[in-house]
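According to my numbering, the sequence shown holds residues 57 to 320 in order.
Cβ coordinates follow ideal geometry from the N, Cα and C atoms, glycine included.
From a predicted model like this one, the values you see are computed outputs, not experimental measurements.
The structure appears below as structure tokens.
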Amino acid sequence: MSRLRIEGLTHRYGLTEVLSGVGLRLPAGQTLALVGPSGCGKSTLLHLVAGLLVPSEGVIDNQFRNIACMFQQARLMPWKNAIDNIALGLKAQGMAAPARRARAAGLARALGLDADDLRKYPQELSGGMQSRVALGRALAIEPDLLLLDEPFSALDVGLKLTLYRHLRGEIDARGTAVLMITHDLMEAVRLADRIVMMAPDPGRMVHEFPLQRAHALRDDAWVYQTTGTLMQARAVRLGFGLDETSASQPVGEATTVRAAGCAT
Ligand SMILES: Nc1ncnc2c1ncn2[C@@H]1O[C@H](COP(=O)(O)OP(=O)(O)O)[C@@H](O)[C@H]1O
Ligand SMILES: [Mg+2]
57 MSRLRIEGLT
67 HRYGLTEVLS
77 GVGLRLPAGQ
87 TLALVGPSGC
97 GKSTLLHLVA
107 GLLVPSEGVI
117 DNQFRNIACM
127 FQQARLMPWK
137 NAIDNIALGL
147 KAQGMAAPAR
157 RARAAGLARA
167 LGLDADDLRK
177 YPQELSGGMQ
187 SRVALGRALA
197 IEPDLLLLDE
207 PFSALDVGLK
217 LTLYRHLRGE
227 IDARGTAVLM
237 ITHDLMEAVR
247 LADRIVMMAP
257 DPGRMVHEFP
267 LQRAHALRDD
277 AWVYQTTGTL
287 MQARAVRLGF
297 GLDETSASQP
307 VGEATTVRAA
317 GCAT
């Protein structure tokens, strides 16, 4: 059963409609990627789901109870060191200091932070280290829903792959649902169970692609091939504003994409 249900969602800033007639469902344990170009309303949609904005029209029925967010900027508390930043949500949940430090330290180790890093304050950490801390903070509370707003987009490819691996491990171990936003189709192909393509002006959903291949079997070759196939789909080209005629061959959208790249 879907624990997040969105129907007929429209959002306006002033008179400008930035989302129009959006609907989606997300069951527990599923990773849904919303992919689209800058300005198509992805962050707005995530803020609406997080309850940080009130929709102009439509329904958002969110039954998830333990929600964590991760954004493009790490948004760490500058007056807390790394371990206390990771443990922040646990403190808010009332966990005692020794227990929350122990859990935070375990997560930090798994994310490649050492004891020295944990004593440092955000301004003493590199951008990559800050991202590790931010992911640790999001995962520490063992969320049932994780909202990701392009948290990996500024990272180098090696760190991206490290964080993807860790994130997938946690999702698989805990059955976390993930609503992730990205303009990077390849990231969506690596991580998601379903990709929903958005187009701008006003922001709307134009197509959905299921990715049925088991996550453990998604090697680089499969990811590159599937991303390449999707890039030729009409809905993807429309979403990114690409010239349809420059696709090397016409692709009949989901049916062909599934046959070429998404079979289990
Ligand atoms: N607080 C705001 N007030 C007015 N317009 C906004 C606000 N936030 C975003 N917008 C506009 O809404 C549109 C969608 O923005 P956003 O949701 O950030 O898109 P995305 O995350 O896909 O890049 C853009 O045109 C943006 O300029
Ligand atoms: Mg955004």
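Nearest neighbour of L109, chosen from D140, M126, Y69 and A89 [CA to CA]:
As a first step, residue 109 is located in the sequence shown; it is residue number 53 there, counting from the start. That would be Y69, whose Cα lies nearest to the Cα of L109.
On the CB-based measure, 16 or more other CB atoms within 10 Å of its CB, does R246 come out buried or exposed?
By one-based count along the sequence shown, residue 246 stands at place 190. R246 comes out buried.
Alpha carbon to alpha carbon, how far is E63 from M261?
The sequence position of residue 63 within the sequence shown is 7, counting from 1. The sequence position of residue 261 within the sequence shown is 205, counting from 1. Here the C-alpha atom of E63 lies approximately 12 angstroms from the C-alpha atom of M261.
Please confirm whether A210 and G183 have their CB atoms less than 8 angstroms apart.
As a position in the sequence shown, residue 210 is number 154, starting the count at 1. As a position in the sequence shown, residue 183 is number 127, starting the count at 1. Cβ atoms of A210 and G183: closer than 8 angstroms.
Opposing strand residues paired with E198 [DSSP bridges]:
Numbered from its first residue, the sequence shown carries residue 198 at position 142. Residue pairing by DSSP places E198 in no beta bridge whatsoever.
Once DSSP output is grouped into helix, strand and coil, what is the label at S76?
By one-based count along the sequence shown, residue 76 stands at place 20. Correct three-state label for S76: strand.
Across which residues does DSSP place C96 in a beta bridge pair?
In the sequence shown, counting from the first residue as 1, residue 96 sits at position 40. The partner list for C96 (beta bridge, DSSP) is empty, contrary to what the question assumes.
Host alpha helix (DSSP H) of G214 (start-end)
Position 158 of the sequence shown, counting from 1, holds the residue named residue 214. That run of the alpha helix (DSSP H) goes V213 to R230.
Which whole-angstrom value describes the C-beta separation of L235 and L88, a residue pair presumed to lie in contact below a C-beta threshold of 8 angstroms?
Along the sequence shown, one-based indexing puts residue 235 at 179. Along the sequence shown, one-based indexing puts residue 88 at 32. The C-beta distance from L235 to L88 rounds to 5 angstroms, short enough to fall under 8 angstroms.
Continuous beta strand (DSSP E) stretch holding D349: start and end
Since the first and last residues shown for the chain are 57 and 320, residue 349 lies out of range.
In whole angstroms, what is the alpha-carbon distance linking I251 and T238?
Taking the sequence shown and counting its residues from 1, the one referred to as residue 251 is at position 195. Taking the sequence shown and counting its residues from 1, the one referred to as residue 238 is at position 182. When rounded, the separation of the alpha-carbon atoms in I251 and T238 is 10 angstroms.
Alpha helix (DSSP H) segments (min. 4 residues) lying fully within the region 241-273
Counting whole runs of 4 or more residues, the region 241-273 contains the alpha helix (DSSP H) stretches 241-247.
Mark A10 as exposed unless 16 or more other C-beta atoms lie within 10 angstroms of its C-beta, in which case mark it buried.
Shown here, the chain extends from 57 to 320; a query on residue 10 therefore has no answer.
Taking 7 angstroms as the cut-off, does the CB of G77 come closer than this to any heavy atom belonging to ligand 1?
If you number the sequence shown from 1, residue 77 lands on position 21. Proximity of the beta carbon of G77 to ligand 1 is not indicated: no heavy atom of the ligand is located closer than 7 angstroms.
Quick one, which of V91, A138, L65 and F208 has its alpha-carbon nearest V74's?
Taking the sequence shown and counting its residues from 1, one reaches residue 74 at position 18. Minimum Cα-Cα distance from V74 among the listed residues V91, A138, L65 and F208 corresponds to L65.
Member of G231, C96 and L132 whose CA lies at the smallest distance from the CA of E198
Numbered from its first residue, the sequence shown carries residue 198 at position 142. Closest by C-alpha distance to E198, out of G231, C96 and L132, is G231.
Taking 7 angstroms as the cut-off, is the beta-carbon of D205 closer than that to any non-hydrogen atom of ligand 2?
Position 149 of the sequence shown holds residue 205. Relative to ligand 2, D205 has its C-beta within less than 7 angstroms of a heavy atom.
Can the beta-carbon of P93 be found less than 8 angstroms from the beta-carbon of G295?
The sequence position of residue 93 within the sequence shown is 37, counting from 1. The sequence position of residue 295 within the sequence shown is 239, counting from 1. At the C-beta level, P93 and G295 come within 8 angstroms of one another.
Same chain, Cβ closer than 6 angstroms to T312, five either side skipped, listed in chain order
Counted from its first residue, the sequence shown places residue 312 at position 256. With a pLDDT of 39 at T312, under the threshold of 50, the modelled position of this residue cannot be trusted, and the question is left open.
Closer than 5 angstroms from C-beta to any heavy atom of ligand 1: which residues, in chain order?
Chain-ordered list of matching residues: Y69, V74, S94, G95, C96, G97, K98, S99 and T100.
Along the beta strand (DSSP E) that carries R61, what are the first and last residues, could you check?
Taking the first residue of the sequence shown as 1, we reach residue 61 at position 5. Start and end: S58 to Y69.
For G225, count neighbouring Cβ atoms within 10 angstroms of its own Cβ and tell me buried if that reaches 16, exposed if not.
Indexing the sequence shown from 1 puts residue 225 at position 169. Label assigned to G225: exposed.
So, do the region 113-124 and the region 201-221 have three or more beta carbon pairs nearer to each other than 8 angstroms?
Contact holds: three or more Cβ-Cβ distances are below 8 angstroms.
So, helix, strand or coil for M126, using DSSP?
Residue mapping note: residue 126 aligns to position 70 of the sequence shown, counting from 1. Reduced to three states, the DSSP call for M126 is strand.
Buried or exposed for L241, going by 16 or more other Cβ atoms inside 10 Å?
As a first step, residue 241 is located in the sequence shown; it is residue number 185 there, counting from the start. Only buried fits L241, as 16 or more other CB atoms lie within 10 angstroms of its CB.
Within a Cβ cutoff of 6 angstroms, which residues of the same chain sit near G259, ignoring the five residues on either side of it in sequence?
On the sequence shown, position 203 is the one that residue 259 refers to. So the list reads V74, L75, C96 and G97, once near-sequence residues are dropped.
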